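Here's the structure, in structure tokens; my notes come after.
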Amino acid sequence: MAATSVTPYVILGLLALGPRHGYDLKHSFDRRLPLAKPVPFGQVYATLDRLARDGLVVTAATERAGGPDRTSYRLTEAGRRRLEEWLDAVEPPVPYVAGALLAKVMVALFVAGPERAATYLTAQRAAHVARLRELTAVKTAPGAALPAVIAADFAINHLDADLRWLDATLARVAATRQEARP
Amino acid sequence: MRPAALLRLALAGNRTDTVRILLTAFAAALATLSMLAAATVYAIRPRGDAALREAAGLAPTKEGVPGVEPAPDGYAYQYTHNLLVEPGLRPGVALGLLLLCIPVLALAGQSARLGAPARDRRLAQIRLAGATPRQAVAVAVAETGLAALAGTAAGMAAYAAGRVLLHRPDASGRLPLPTDTLPPLWTLLAVGAGLPLLAALSAALLLRRVAFTPFGVARRHRTRPPRPWPGLLILAGIAAFAAVQPVVRAYAWSGRPMPGWVLPVLLGGGGALATIGVVLGTAWISQAAGRVLHRVARSPAALLAARRLMADPWAGGRVFAAMLAAVVVGAGAAGVRAWFTAEFDAREEVSRANARAAGWEYVPGDTSFYTSSLDLVDAAVTVALVIAGLGLLVYLVEGLVSRRRAYAALVATGVPRRTLARSVGWQMLAPAVPAIVLALVVGTAIMRGLVREVRAGSWMQFCTVDDESRCGEGSPFLRTFEIDVVRPVEVPYAELAQVGAVALAAVAVTVGVGLLFLRASTDVTELRTE
Amino acid sequence: MTPILQGRGLVKSYGPTRALRGVTLTVAEGEILAVTGPSGCGKSTLLHCLAGILRPDAGEVVYRDHRIDTWSQARRSQLRRGEFGILFQYGQLVAELTAAENVALPLMLNGTRRREARTAAMSWLERLDVADVAARRPGEISGGQQQRVALARALVTEPRVLFADEPTGSLDSLAGEQVLGHLVRLARAQQTTVVLVTHDATVAGYADREIVLRDGEVDPTGLGLARGRTVVAR
Chain A
3 MAATSVTPYV ILGLLALGPR HGYDLKHSFD RRLPLAKPVP FGQVYATLDR
53 LARDGLVVTA ATERAGGPDR TSYRLTEAGR RRLEEWLDAV EPPVPYVAGA
103 LLAKVMVALF VAGPERAATY LTAQRAAHVA RLRELTAVKT APGAALPAVI
153 AADFAINHLD ADLRWLDATL ARVAATRQEA RP
Chain B
229 MRPAALLRLA LAGNRTDTVR ILLTAFAAAL ATLSMLAAAT VYAIRPRGDA
279 ALREAAGLAP TKEGVPGVEP APDGYAYQYT HNLLVEPGLR PGVALGLLLL
329 CIPVLALAGQ SARLGAPARD RRLAQIRLAG ATPRQAVAVA VAETGLAALA
379 GTAAGMAAYA AGRVLLHRPD ASGRLPLPTD TLPPLWTLLA VGAGLPLLAA
429 LSAALLLRRV AFTPFGVARR HRTRPPRPWP GLLILAGIAA FAAVQPVVRA
479 YAWSGRPMPG WVLPVLLGGG GALATIGVVL GTAWISQAAG RVLHRVARSP
529 AALLAARRLM ADPWAGGRVF AAMLAAVVVG AGAAGVRAWF TAEFDAREEV
579 SRANARAAGW EYVPGDTSFY TSSLDLVDAA VTVALVIAGL GLLVYLVEGL
629 VSRRRAYAAL VATGVPRRTL ARSVGWQMLA PAVPAIVLAL VVGTAIMRGL
679 VREVRAGSWM QFCTVDDESR CGEGSPFLRT FEIDVVRPVE VPYAELAQVG
729 AVALAAVAVT VGVGLLFLRA STDVTELRTE
Chain C
14 MTPILQGRGL VKSYGPTRAL RGVTLTVAEG EILAVTGPSG CGKSTLLHCL
64 AGILRPDAGE VVYRDHRIDT WSQARRSQLR RGEFGILFQY GQLVAELTAA
114 ENVALPLMLN GTRRREARTA AMSWLERLDV ADVAARRPGE ISGGQQQRVA
164 LARALVTEPR VLFADEPTGS LDSLAGEQVL GHLVRLARAQ QTTVVLVTHD
214 ATVAGYADRE IVLRDGEVDP TGLGLARGRT VVAR
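Protein chains in written order, with my numbering: chain A, 3 to 184; chain B, 229 to 758; chain C, 14 to 247.
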């Protein structure tokens, strides 16, 4: 999944840390999600507009200190609820879900901490495993046609890669939790 | 490579490597003892002075032989046992002691293979770390050489101790063993330095087929199936022995004296050929035994053993070699004993008949010399069998240890250890029994080819009256008595059975002891891969 | 579903290493259970304890109401010959025997005559599509064929429970797929319970249920059903 579908949620997550200007949001976004493509300013503002239209964010204050428009935004209650829903939800296990998984773990970590991230990772892992089982059944069904087998195998291989990353990340996050405990 | 580094690498290893080093040292010590004993006997300087001769129960001076040292006739009266006294027998004794080296060498060879795969892997790793092939071989050779050096030193120490401890002169000053003689210095040096060098050289030779590449060890295996050609060697050996009597007769008939080398060549060469034939033929016997066993096997233990024999028949040949050589010698000795018995009985019969005819008192002869000599040969054969049994044990244990992963997996899937133990038993005994029987037959056959019956006879004239002057030519009081006795040499079934039984017992005991290691080597921890 | 095999509080150490720290699990009859987890977490040790290869230091192993952890070596060995079938990653076939002889071995150990054992072995080799290598030795056939022969040997006594420890670990994915496909098909046909140890998620995908081990303990969050809310993101 391209970054477009997770961009709103990342922005909601960033605003959960406190009100921001659009300019700051773009830079925080890039900093918090390293190795991803830098998000264009235009996309940030367009997303902010959409979020505002849906009532998830509101403009907080407008400063005009001689220069470009510096509108700061903040999260609404509805926005906070939507963010929580997204953090709790499990992504549908399909081959191109990796980007979304990464974004959600990152946001969970900087919004809520390792505990929350671990909870999400565990749930996501279970969903992946269930889907893997289904796909294996499709692949091994008697009389399965070659295209179906190939497609199932493709999905299985990608989900396997995700699973390995999920397991490793769980282990890392668990280690961080151990360190955090006194 | 610096010597210190070589030493460190050579001695690095685990428990199996330690056992291998100890066994090599032990074999070297035994070989040293045997060689020094042989050299000592060979170096005996005979003393025939009057006091000794009297102590030996002989007249103080033999006609024409001055009582000086060294006695020109070669008789060494300073010893009590005839084997050391008689100059004709001493070389034989020395040779026999030297021949005991053969089973010891077999033991050494078998010990060298103990844990060899792990050692070779270690050397391959050393190569991976940058050593040249020559350096890798040098490490292995150094290990063997040093072990042999330690063993030789131990053997020499034991020899020195034995000379002191076994020096027991009796009342008249005669000794049971040649503890007063030392071999010449060059012999001592040759053994002391030569044995470790020989060990190192043979290690280098054995490794020439092994390529220590950094990726692992490549050993070129022989995969030819064994053929029954050694049977021809056996037949040649038997034929050589059978040719002795006709050849002797032919020389006698032609009037020309028989050259001195004819008999040793026929006897020694024939014996060697027959023995080598038996040893080489063991591989064919192993494979044939495997095939027969495979056809008739009903239990899984026998099936496993049959397949293993068919898969590697050459291993059996190497391992049983020393034992079978000893059995051939033992059977030959039994044949010699039967020959001597027949010869003696024939001569006694002649003596008795003469005594009866002439009215003399019959005095039975003394065979103790011959029987005790043959007893010594039997003892040597037993010692050789024990040493060969040790070699067999080493082979068995090495096989168990190198297969322990496979065995552990089998036990895990439910194969009882009993079955594995029985399969090892089958694997050892199935070729051992026919091979031992063959060795017995060959040993007997060469003696039967040499002599099957003995003849004794005498022609004499005696006086029937006390006054000898009345027994002139044509006198009625002069009687002639002629007698010719022919006796067959019996086949010494009892002794042959004894030799065979001892050999079989050695195999059985070895298998029993080796199987004690089975439990330890099939531990489930061998299965761990994590 | 009735539980056919249970482990309760299993503890096992190898010297200073504690491989199992109190594992409890239940295996239902006829199910295919995957035991997964990172390497070194004790999966193989757990399998060895459940199959009666090892005695645990503490805890119980119950097979059909029998405490098999208290049984003698000989009885457990007999169990592994008959009602349990065991499949390892490699190295379990006798190198000197042919494939058919390897498969016939468990039957012969249980007293079947050689000829009948051979016939049964051949029929199993056919079921696993390796009848053409019956007369060859393990060293002469491919890894996938070896594992199918090993599977035939594990199934020839028609066991109630099949234990498989990384059965496809040394195979490429297609060969592994073949082996697993046969395994699952034959197990379902004979209603054999399967305990499958693996670190590979694609292998675990063949199972009905998964238990995750971590550092010698069962990780409860790794169960087949997810905990907590599972709202799928839009």
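The beta carbon of each residue, even a glycine, is placed where N, CA and C say it ideally should be.
Being a predicted model, the structure only gives us computed values, none of them experimental.
{"query": "Spell out a yes or no on whether the stretch 528-537 of chain B and the stretch 103-122 of chain C are touching, meaning 3 or more CB-CB pairs, one atom from each, closer than 8 Å.", "result": "yes"}
{"query": "Give the DSSP-derived three-state secondary structure of P541(B) in the structure shown.", "result": "helix"}
{"query": "Taking buried to mean at least 16 other C-beta atoms within 10 Å of its own C-beta, is A725(B) buried or exposed?", "result": "exposed"}
{"query": "Does any residue of chain C bring its CB to less than 9 Å from the CB of V131(A)?", "result": "yes"}
{"query": "For the candidate residues T15(C), A47(C), R68(C) and I81(C), whose alpha-carbon lies nearest to that of L33(C)?", "result": "R68(C)"}
{"query": "Using a Cβ cut-off of 7 Å, pull out every chain A residue sitting near G194(C), in sequence order please.", "result": "T142"}
{"query": "In chain C, which residues lie with their C-beta within 8 Å of the C-beta of T138(A)?", "result": "T215, G218 and Y219"}
{"query": "Rounded to whole angstroms, what is the Cα-Cα separation between A470(B) and V679(B)?", "result": "8 Å"}
{"query": "Thinking C-alpha only, which one of L261(B), D398(B), R355(B) and L417(B) is nearest A389(B)?", "result": "L261(B)"}
{"query": "If we cut at 9 Å on Cβ distances, does L17(A) have a partner in chain C?", "result": "no"}
{"query": "Can you tell me where the alpha helix (DSSP H) with A200(C) in it begins and where it stops?", "result": "S186 to Q203"}
{"query": "Based on DSSP bridge pairs, tell me the residues matched to W654(B).", "result": "Paired residues: none, contrary to the question."}
{"query": "If the cut is a Cβ gap below 8 Å, which residues of chain C does R536(B) touch?", "result": "E109"}
{"query": "Is the separation between the beta-carbon of I1(A) and that of L37(A) shorter than 9 Å?", "result": "The structure shown does not extend to residue 1(A), since chain A is modelled only from 3 to 184, so the question has no answer here."}
{"query": "Please confirm whether P151(C) and L106(C) have their CB atoms less than 9 Å apart.", "result": "yes"}
{"query": "So if DSSP puts S523(B) in a beta bridge, which residue, or which two residues, is it bridged to?", "result": "Per the sequence shown, the amino acid found at residue 523(B) is Arg instead of Ser. None, per the DSSP bridge assignment."}
{"query": "Mind listing which residues of the stretch 115-129 of chain C have their C-beta closer than 7 Å to chain B's C-betas, in chain order?", "result": "L118, P119, M121, L122 and R127"}
{"query": "Exposed or buried, which one is Q473(B) when buried takes at least 16 other CB atoms within 10 Å?", "result": "exposed"}
{"query": "Taking T170(C) as the reference, give the member of A188(C), F97(C) and G189(C) with the closest Cα.", "result": "F97(C)"}
{"query": "Taking the continuous alpha helix (DSSP H) assigned at F31(A), which residues delimit it?", "result": "G24 to R34"}
{"query": "Residues bridged to L33(C) by DSSP?", "result": "K25(C)"}
{"query": "Considering D603(B), what are the terminal residues of the alpha helix (DSSP H) in which it resides?", "result": "S596 to S630"}
{"query": "Should I152(A) be flagged as near chain C, meaning a C-beta pair shorter than 9 Å?", "result": "no"}
{"query": "Of all the residues that make up the stretch 178-209 of chain C, which are near chain A by a beta-carbon distance shorter than 9 Å?", "result": "S186, E190, L193, G194, V197 and R198"}
{"query": "Only counting runs of 3 or more residues, tell me where the beta strand (DSSP E) segments fall wholly within the stretch 666-746 of chain B, in order along the chain.", "result": "681-691 and 706-716"}
{"query": "On the CB-based measure, 16 or more other CB atoms within 10 Å of its CB, does S90(C) come out buried or exposed?", "result": "buried"}
{"query": "Would you say T380(B) and L333(B) are within 9 Å of each other, going by their C-beta atoms?", "result": "no"}
{"query": "Taking C-alpha atoms, which residue in T15(C), R161(C), A64(C) and T58(C) lies nearest to P172(C)?", "result": "A64(C)"}
{"query": "Which chain C residues sit within Cβ distance under 7 Å of R135(A)?", "result": "G218"}
{"query": "Which first and last residues belong to the beta strand (DSSP E) in which D232(C) is found?", "result": "E230 to D232"}
{"query": "With a cut-off of 9 Å, does the C-beta of L746(B) fall near any C-beta of chain C?", "result": "no"}
{"query": "Is A177(A) close to chain C, meaning its C-beta is less than 9 Å from at least one C-beta of that chain?", "result": "no"}
{"query": "What residues from the stretch 489-518 of chain B come within 9 Å of chain C, judged by C-beta to C-beta, listed N to C?", "result": "none"}
{"query": "Along chain B, in chain order, which residues have C-beta atoms closer than 9 Å to that of Q4(C)?", "result": "The structure shown has nothing for residue 4(C), since chain C only spans 14 to 247."}
{"query": "Measuring straight from C-alpha to C-alpha, what distance separates F176(C) and I81(C)?", "result": "15 Å"}
{"query": "If we define contact as Cβ-Cβ less than 9 Å, is G95(C) a contact residue for chain B?", "result": "yes"}
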